[in-house]
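> Before anything else, here's the structure in question.
Residue numbers (the numbering used here): 90 to 272.
Pasting the structure below:
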C-alpha cells in the first residue's frame with residue numbers, strides 16, 4: 090500500500106514560498122541531492138495542489154521547467170483543483186476533491202510513495218490523518234514572509250519521529266514519520 094509523503098524545501102524561518110508565492114529563492118538551493126535522487130525511484134505518483142501546479146517554478150529558467158523534480162521524475166500526477174482546465178498534459182489528471190485524488194494517486198503508486206506537493210494540500214492530508222511522512226530540506230536562507238510549511242491558526246500539535254537526517258548540498262535533510270496529531 091502506498092505511503093503519503095510530503096516533501097518540501099523550506100527556509101530556516103519556516104517558509105516554503107516567499108511573498109506572493111515566489112519560488113525564485115529556491116533556485117540558489119537546487120542541485121545534486123542524494124536524498125532526492127534516492128527518493129525519486131520510490132515515488133509512484135504525485136498529489137499536487139492547485140496553487141503549486143499553477144505556481145511559480147524554481148526551474149523556470151532551466152531545462153527542468155514545468156517538470157516534476159526539475160525533470161528527474163516522470164509518472165502520474167493528480168492535481169486537486171476546483172477549476173480543472175479543458176485540456177491537460179499527458180500523465181496529469183485533475184480531480185475536484187482531495188479524497189478522490191488521494192484514492193487515485195494511491196492506486197497509481199502501488200507500494201511506492203505518493204509525494205504530496207503543496208502546503209495547503211499537505212495540511213489537508215495531515216488533518217484527515219492521511220499523511221504518513223514529512224521530508225523537509227532546510228535551506229540556509231531567511232525569507233521573513235510567505236507561505237509557512239504548516240499553518241494552522243490557533244495551533245495544532247503533531248507528534249513526529251525522526252527517521253533520517255543528513256547534510257546534503259545546499260540544505261539539511263530532515264525526514265519524519267507522522268505519529269499522531271491532536272487539535
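Glycine included, C-beta positions come from ideal geometry on N, C-alpha and C.
Here the structure is a predicted model, which means the values were calculated and not measured.
Do residue 101 and residue 229 have their beta-carbon atoms positioned less than 8 Å apart in this structure?
Yes; because the gap between Cβ atoms is below 8 Å, this pair is in contact.
> Mind pulling the alpha helix (DSSP H) runs of 4 or more residues that sit fully within the segment 105-189?
If we require 4 residues or more, the alpha helix (DSSP H) runs fully inside the segment 105-189 come out as 123-129, 139-143.
> Rounded to the nearest angstrom, how far is the Cβ of residue 251 from that of residue 263, given a contact under 8 Å?
Their Cβ separation, rounded to whole angstroms, is 7 Å, which keeps residue 251 and residue 263 in contact under 8 Å.
> Are the CB atoms of residue 94 and residue 221 within a distance shorter than 8 Å?
Contact: yes.
> Please state the DSSP three-state secondary structure of residue 210.
DSSP places residue 210 in helix when its eight states are reduced to three.
> Counting along the chain, where does the beta strand (DSSP E) carrying residue 253 start and finish?
It spans 246-257 - the beta strand (DSSP E) in which residue 253 sits, taken as one unbroken run.
> Quick check on the burial criterion: 16 or more other C-beta atoms within 10 angstroms. Buried or exposed for residue 163?
Per the 10 Å Cβ criterion, exposed.
> If you compare alpha carbons, which of 109, 172, 131, 206 is closest to residue 199?
With distances taken between Cα atoms, residue 199 lies closest to 131.
> CA-CA distance, residue 183 and residue 195?
C-alpha separation (whole angstroms): 15 Å.
> Across which residues does DSSP place residue 198 in a beta bridge pair?
In DSSP, residue 198 forms no bridge with anything.
> Who are residue 265's beta bridge partners in DSSP?
In the DSSP output, where bridge partners are listed per residue, residue 265 has 223, 251.
> Starting from the Cα of residue 99, find the closest Cα among 248, 235, 243 and give me that residue.
The shortest Cα separation from residue 99 among 248, 235, 243 belongs to 235.
> By the 10 Å Cβ neighbour count, where 16 or more other Cβ atoms means buried, how is residue 149 classified, buried or exposed?
The pLDDT assigned to residue 149 is 47, lower than 50, so where the model puts this residue is not dependable; a value taken from the coordinates is nonetheless given after this. Per the 10 Å Cβ criterion, exposed.
> Go ahead and label residue 269 buried or exposed: buried means 16 or more other beta carbons lie within 10 angstroms of its beta carbon, across all protein chains shown.
So residue 269 ends up on the exposed side.
> What is the rounded straight-line gap between the Cα of residue 103 and the Cα of residue 233?
So the two alpha carbons sit approximately 9 Å from each other.
> According to the neighbour-count rule (16 or more other Cβ atoms, all chains shown, within 10 Å of its Cβ), is residue 280 buried or exposed?
This structure does not reach residue 280, given that the chain is present from 90 up to 272, and the question cannot be answered.
> Pop quiz: residue 169 and residue 190 are said to be a contact at Cβ under 8 Å. What is the actual Cβ separation, rounded to whole angstroms?
The Cβ separation is near 5 Å, so the contact holds.
> Might you give, ordered along the chain, the residues of its own chain that have their beta carbon closer than 8 Å to the beta carbon of residue 256, omitting 5 neighbours on each side?
Here the set comprises 262.
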